[in-house]
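Numbering-wise, this note's numbering puts 387 at position 119 of the sequence shown, and it's gapless, one number per residue.
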Amino acid sequence: MPAAALSDVIVLLGATGDLAQRMLAPSLYFLDADGFLPEGFRILASARQAVAPEEFIADLKADLEARPEPFNAEAWARFSARITYVAADATTAEGAQALKAAMGEAAAPMFYLALSPSLYVRVCAALSEAGLTAAPARIVLEKPIGRDLESARVINDAVAQAFSEDRIFRIDHYLGKETVQNLIALRFANTLFEPLWNNLTIDHVQITVAETEGVGERWPYYDEYGALRDMVQNHMLQLLCLVAMEPPADMEPDSVRNEKVKVLRSLRRFTRHDAQNWTIRGQYGAGLSGEKAAASYESERGQESSVETFVALRADIDNWRWAGVPFFLRTGKRLPERRTQIAIQFKPVPHSIFAGAAQDDLIANRLVIDLQPDEDIALTLMNKAPGISQGGMRLESLPLSLSLQKAYSGPGSRRRIAYERLLLDVLRGSSTLFVRRDEVDEAWRWVDGVEESWKEAGMTPKPYPAGSWGPAGAFALIERAGRAWYE
Ligand code: BG6
269 MPAAALSDVI
279 VLLGATGDLA
289 QRMLAPSLYF
299 LDADGFLPEG
309 FRILASARQA
319 VAPEEFIADL
329 KADLEARPEP
339 FNAEAWARFS
349 ARITYVAADA
359 TTAEGAQALK
369 AAMGEAAAPM
379 FYLALSPSLY
389 VRVCAALSEA
399 GLTAAPARIV
409 LEKPIGRDLE
419 SARVINDAVA
429 QAFSEDRIFR
439 IDHYLGKETV
449 QNLIALRFAN
459 TLFEPLWNNL
469 TIDHVQITVA
479 ETEGVGERWP
489 YYDEYGALRD
499 MVQNHMLQLL
509 CLVAMEPPAD
519 MEPDSVRNEK
529 VKVLRSLRRF
539 TRHDAQNWTI
549 RGQYGAGLSG
559 EKAAASYESE
569 RGQESSVETF
579 VALRADIDNW
589 RWAGVPFFLR
599 TGKRLPERRT
609 QIAIQFKPVP
619 HSIFAGAAQD
629 DLIANRLVID
639 LQPDEDIALT
649 LMNKAPGISQ
659 GGMRLESLPL
669 SLSLQKAYSG
679 PGSRRRIAYE
689 RLLLDVLRGS
699 STLFVRRDEV
709 DEAWRWVDGV
719 EESWKEAGMT
729 PKPYPAGSWG
739 PAGAFALIER
749 AGRAWYE
């Protein structure tokens, strides 16, 4: 395959917004500090607001100085010299012309749409009209792409009018997280796990994305989407795919993405009956966030709402490898702790040779992959408790841990922002860690099925107090399958 052209300018649309300021600008700065931005690479920041370029750059500097990482004056000097700010409404012909003028001689732009997805169609049309979308121009789209299959298709069709699929980079920032990529390494760079990675040895899988934060000011967006569309359709299904996919032939974009699509296609569709048994929606009421009182979602929202801020469900993958292995997914806002975790629960030993107390000590092995707040991978193994006891041998379960924090905590090591990896990949034209159009479609098809079954079954969100692990039904759901959430 010929090497893809390196981008020579990033046109950052929505540059005054939260995502650009909290994640994208710092990511670019860190990439530059580590020498990853090519010489002559430019950053064209743009938003509708009329801000003086010096003011934009000064604000950016203040943000970077306020970060916990040490500020690198030399890197900043190089980085700030790359930045231009242009006030433009990229949904209009004039706006696109203003961008074009500011882009000057740029031959390989990457357009980053840090904008509301409702603007994607118009921005693509305006950029195309201005003649800015020809190869090798790339476009980066944030989630959510639509709010169901139909609206996603409208957006994807419109983007496809302007950019070919190999130049469209749909971001799921979870794929940029170190431990998520490590999952690929764990599975396919070790011989140990693959023979065990199936329904003969694995009992079930749990994926938890718990957040302590509430929705707060983001309710205008959130109230239209809810937890299923905001988290499950993208981040959680991506994690599920990486756990469940067959080994790809190589790390080429289509090799990996073909395997993920096969998993999505094998997800069992929900019926109304399934929805009642195997899903639960929740919405936080007033309660606690740590020690502090936390308001209910509806009081943040300012009116009644039927959107879920918590969802738990059992997903089944109907294929040879995973038949009979449930995947339990749960995610929610205002839960007691921040935790993103994948737990692979192995089956118990087929027969115990241990008598007496040790018989009860036996706990099946579990592989726990922690993504947040700390990154770690640990495999629990049974071990003989040291010493002598009356009733014979005692056993205990101990973790064999990769201790990722310790292993990589040398001088200069820092936890990268997930967007750093992803921005660099766009710049180099590598789309393995981006979501292909058919993945988006398949994920929506399944999620639309869940939504429909909720409607048919008349399932509204059950209240749970802020600071709890969701409605009681979340525990009932997993207990119904004879398992328990891993705490
Ligand atoms: C975003 C969701 O995509 O991911 C947010 O829109 C959520 O609602 C966030 O809080 C979680 O990301 P992270 O990286 O903090 O786990």
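The beta carbon of each residue, even a glycine, is placed where N, CA and C say it ideally should be.
Bear in mind that the values here come from a model prediction, so they are computed numbers and not experimental data.
- Residues Asp276 of the same chain have their beta carbon placed closer than 7 Å to that of Ala375, with the five preceding and five following residues left out of the count.
- Counted as a single uninterrupted DSSP element, the alpha helix (DSSP H) harbouring Ile325 occupies residues 321-333.
- Residues Leu312, Thr352, Val354 of the same chain have their beta carbon placed closer than 7 Å to that of Ala370, with the five preceding and five following residues left out of the count.
- When secondary structure is reduced to three states using DSSP, Glu605 falls in the coil class, being assigned neither helix nor strand.
- Bounds of the beta strand (DSSP E) holding Asn651 are 644-652.
- Of Arg662, Ser669, Arg406, the smallest CA-CA separation from Tyr380 is found for Arg406.
- Looking from the CA of Ser295, the closest CA among Glu755, Phe347, Ala646 belongs to Phe347.
- Classified as exposed, Leu468 has fewer than 16 neighbouring CB atoms from the shown chains inside 10 Å of its CB.
- DSSP places Met371 inside the alpha helix (DSSP H), whose first and last residues are 361-371.
- Here the distance from the Cβ of Glu688 to the nearest heavy atom of the ligand BG6 is not below 7 Å.
- Annotation for Glu664: the continuous beta strand (DSSP E) segment containing it runs 663-669.
- According to the DSSP assignment, Tyr380 belongs to the beta strand (DSSP E) that extends over 377-381.
- Judged by the Cβ position, Thr476 fails to qualify as a neighbour of the ligand BG6 at the 7 Å threshold, every heavy atom of the ligand being at least this far.
- C-alpha of Leu383 to C-alpha of Pro404: approximately 22 Å in a straight line.
- If you keep only unbroken beta strand (DSSP E) runs of at least 3 residues inside the stretch 413-496, you get 436-438, 470-478.
- Within its own chain, the residues whose Cβ lies closer than 6 Å to the Cβ of Leu305, once the five positions on either side in sequence are excluded, are Leu299, listed in chain order.
- Taking every protein chain shown into account, the CB of Trp712 has 16 or more other CB atoms within 10 angstroms, so this residue is buried.
- Residues of the same chain with a CB within less than 6 Å of the CB of Phe702, apart from the 5 flanking positions on each side, are Phe437, Arg438 in chain order.
- For Gln627, the enclosing alpha helix (DSSP H) begins and ends at 625-629.
- Given a length threshold of 4 residues, each whole run of the alpha helix (DSSP H) inside the stretch 543-597 is given here in chain order: 565-569.
- For the options Ser567, Gly735, Arg607, Ser671, the alpha carbon positioned closest to that of Gln640 is the one of Arg607.
- When rounded, the separation of the alpha-carbon atoms in Ser314 and Gly285 is 10 Å.
- Taking C-beta atoms as the reference points, Leu443 and Trp714 fail to come closer than 8 Å.
- Taking 8 Å as the cut-off, the beta carbon of Thr700 is found closer than this to the beta carbon of Val524.
- Here Gln501 is buried. Its C-beta has 16 or more other C-beta atoms within 10 Å.
- Residue pairing from DSSP places Gln613 in a beta bridge opposite His472, Arg634.
- DSSP places Ile351 in the strand class (E or B) of the three-state scheme.
- According to the DSSP secondary-structure assignment, Ser314 is paired through a beta bridge with Leu281, Val354.
- Ranking Val483, Ala420, Pro521, Asp357 by CA distance to the CA of Asp693 puts Pro521 first.
- Leaving aside the five residues that flank Asp357 on each side, the residues in its chain whose CB is nearer than 6 Å to its CB run, in chain order, Arg316, Gly363.
- The alpha-carbon separation between Val708 and Glu527 amounts to approximately 14 Å.
- Remark: fewer than three beta-carbon pairs, one from each stretch, lie closer than 8 Å, so the stretch 478-495 and the stretch 612-626 are not flagged as touching.
- The Cβ-Cβ distance between Pro729 and Ser564 does not fall below 8 Å.
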